[in-house]
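**Q**
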Amino acid sequence: MSIKENIAEIKKELPGHVTLVAVSKTKPDNAILEAYEGGQRVFGENKVQEMVQKWVELPKDIEWHMIGHLQRNKVKYMAEFVSLVHGVDSFRLLKEIDKQAAKHNRVIDCLLQIHIAEEDTKFGLDENELQEIAISEEFKNLKNVRVVGLMGMATFTDDLAQIRKEFKQLKSIFEGLRNLLPNVSVLSMGMSGDYQIAIEEGSTMVRIGSSIFGARNYH
Ligand SMILES: *Cc1c(COP(=O)(O)O)cnc(C)c1O
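Put into structure tokens, the structure is as follows:
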């Protein structure tokens with residue numbers, strides 16, 4: 001099936017309140033343009049340099065989401081245009097995004113990443129660290145970032161019960177955060193292999209790469 005057909009198939013399955021982020025990392029401009037011609041406007045990348053290059057080359061009404069692990073010294077390169085940063089896993093990083101957004105007179109939407117997987121290799125805050133940030137005065141004073149929700153990645157496993165358990169845990173942390181920050185509305189969870197489960201467990205945003213664009217050529 002073509003990229004356009006893949007997107008149409010996935011969109012048919014998604015409830016209206018779930019946003020599709022087409023994860024285009026490693027994929028060339030022409031693949032992204034095919035998705036664009038199929039109506040897709042939201043794309044996710046995990047490397048700043050690659051996202052900047054694509055932003056320069058591709059139509060300006062694309063919304064670029066940074067979904068990968070982000071180093072503080074790279075924030076400045078994307079602050080002008082990034083529309084949502086999914087992987088904010090420290091207060092220091094959030095403050096850097098605030099600082100760089102201010103230079104462009106922007107308010108950048110961010111998701112705090114929560115560690116829900118069993119693997120230590122995945123980044124993210126735990127529930128206590130999240131609480132600490134959300135209740136701090138310093139956080140409330142940040143003018144150029146807006147925390148709009150949470151993001152998480154489940155363990156890479158065939159054990160669907162384990163994946164479901166981790167998504168349930170993230171949803172519960174999300175509901176807890178909503179009591180502190182009523183504006184929080186985005187729950188980014190679910191990828192090609194697990195997005196149906198994620199939606200059943202309350203996802204409002206899925207990040208899908210290989211089911212749209214085919215397998216990536218690295219690893
Ligand atoms: C690559 C990536 C995805 C998409 O993965 P697929 O399995 O190809 O759908 C989603 N989220 C993050 C954070 C990623 O790095």
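The opening residue of the sequence shown carries number 1 in our numbering; numbering runs sequentially from there. Here a beta-carbon is modelled for each residue, glycine too, at the ideal position from N, C-alpha and C.
1) Since D89 and L125 should fall inside the 8 Å C-beta cutoff, what is the C-beta to C-beta distance between them, to a whole number of angstroms?
2) For I199 and I10, which I take to be in contact (beta-carbon distance under 8 Å), what is that distance rounded to the nearest angstrom?
3) So does K233 have its beta carbon nearer than 7 Å to some heavy atom of ligand 1?
4) State the Cα-Cα distance for the pair G209 and T121, rounded to the nearest angstrom.
5) Tell me whether D109 sits in a helix, a strand or coil according to DSSP, three-state version.
6) My parser needs the alpha helix (DSSP H) runs of 4 or more residues fully inside the region 132-185; what are they?
7) Is the separation between the beta-carbon of K4 and that of E37 shorter than 8 Å?
8) Which runs of the beta strand (DSSP E) at least 3 residues long sit entirely within the region 1-55? Give them in chain order.
9) Starting from the N-terminal end, write out each residue whose C-beta falls within a distance shorter than 5 Å of any non-hydrogen atom of ligand 1.
10) Does DSSP put V82 in a helix, in a strand, or in coil?
11) Is the beta carbon of I67 less than 8 Å from the beta carbon of G87?
12) What residues are listed by DSSP as bridge partners for S188?
13) Are the CB atoms of V184 and V147 nearer to each other than 8 Å?
14) Taking a contact to mean a Cβ-Cβ separation below 8 Å, would you say L170 touches I197 in this structure?
15) With a threshold of 6 Å on Cβ separation, who are the neighbours of A22 within its own chain once the five nearest residues in sequence on each side are excluded?
**A** Reading from the atomic positions:
1) So it is a contact: roughly 6 Å between Cβ atoms.
2) In fact, because the Cβ distance is near 11 Å, the residues do not count as touching under 8 Å.
3) This structure gives no information on residue 233, because the portion of the chain shown stretches from 1 to 219.
4) Within the model, the alpha-carbon separation for G209 versus T121 is close to 20 Å.
5) D109 sits in a strand when the DSSP states are folded into three classes.
6) Listed in chain order, the alpha helix (DSSP H) runs fully inside the region 132-185 are 137-140 and 160-180, counting runs of at least 4 residues.
7) Contact: yes.
8) Counting only runs that start and end inside the region 1-55, the beta strand (DSSP E) elements of at least 3 residues fall at 19-23 and 42-45.
9) Every residue with a CB closer than 5 Å to a heavy atom of ligand 1 is listed here in chain order: V23, N46, I67, M191, S192, R207, I208, G209 and S210.
10) If DSSP states are grouped into helix, strand and coil, V82 belongs with coil.
11) G87 is positioned such that its CB atom lies closer than 8 Å to that of I67.
12) S188 is bridged to M151 and M205.
13) Yes, Cβ-Cβ distance for V184 and V147 is below 8 Å.
14) With contacts defined as CB atoms closer than 8 Å, L170 and I197 fail to qualify as a contacting pair.
15) Only A35, Q40, F43 and I212 meet the Cβ criterion.
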